[in-house]
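Step one of this worksheet: look at the structure below.
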């Protein structure tokens, strides 16, 4: 039997196609559709899959919850259980409407107020602190002699206090010792 010319051309064309070049992209495009379709079919016929789909649809509609499931499964679950998901989304929106969220200006003003409040010492200097301050002052006078009365004196004392495990500023040293 002899094939017509157009059929021979078609067969020749089909033999020239490299199927391994375009089948993988088609499979990768169709894979989510196949997965979602299979999950949707499972949800229609199995009560456990149905319950799981409803759980997935409700949980995924809450903004802070991500179940880290494949997107086709989530989409099929939402399609299957759209009523439950919409009810949950409605509840979430109502809850978010009721939350009083401060504006950016309010947050900035509160931050400025907190920053601009002067810091006061929380506790009175202890006996150990005053002893360490006296030791550092004596050390600075001994080692710096006349430079003790320059800015080097308070800096020396602050460094000495830090080595002893106490925190003090140059301004506090000047106020405390009258420098």
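Residue numbers (our numbering): 63 to 241. Even for Gly, the Cβ is constructed at its ideal location relative to N, Cα and C. Everything numeric in this text was worked out from a predicted model, so none of it was measured.
- Counting of Cβ neighbours within 10 angstroms places residue 118 among the buried residues, the total reaching 16 or more.
- For residue 85, the uninterrupted alpha helix (DSSP H) segment begins and ends at 81 to 107.
- The alpha-carbon separation between residue 234 and residue 189 amounts to approximately 17 Å.
- With respect to the C-alpha of residue 186, the residue from 230, 127, 215, 82 having the closest C-alpha is 230.
- By the Cβ rule, the stretch 94 to 102 counts as touching the stretch 133 to 151, because three or more pairs are nearer than 8 Å.
- Taking a 10 Å sphere around the C-beta of residue 148, we find fewer than 16 other C-beta atoms and assign the residue as exposed.
- At a Cβ-Cβ threshold of 8 Å, residue 206 and residue 194 do not count as neighbours.
- Separation of residue 96 and residue 138 (C-alpha to C-alpha, rounded to the nearest whole angstrom) is 11 Å.
- Approximately 17 Å separates the beta-carbon atoms of residue 87 and residue 134; this is outside 8 Å, ruling out the contact.
- Look at the stretch 109 to 184 and you find these whole runs of alpha helix (DSSP H), each 4 residues long or longer: 109 to 122, 133 to 142, 144 to 160, 166 to 178.
- In its chain, beyond the 5 residues on either side, no residue has a beta carbon closer than 7 Å to the beta carbon of residue 152.
- A distance below 6 Å between beta-carbons, with the five flanking residues on each side excluded, links residue 203 to the following residues of its chain, in chain order: 210.
- In the three-state reduction of the DSSP assignment, residue 196 falls in the helix class, which pools H, G and I.
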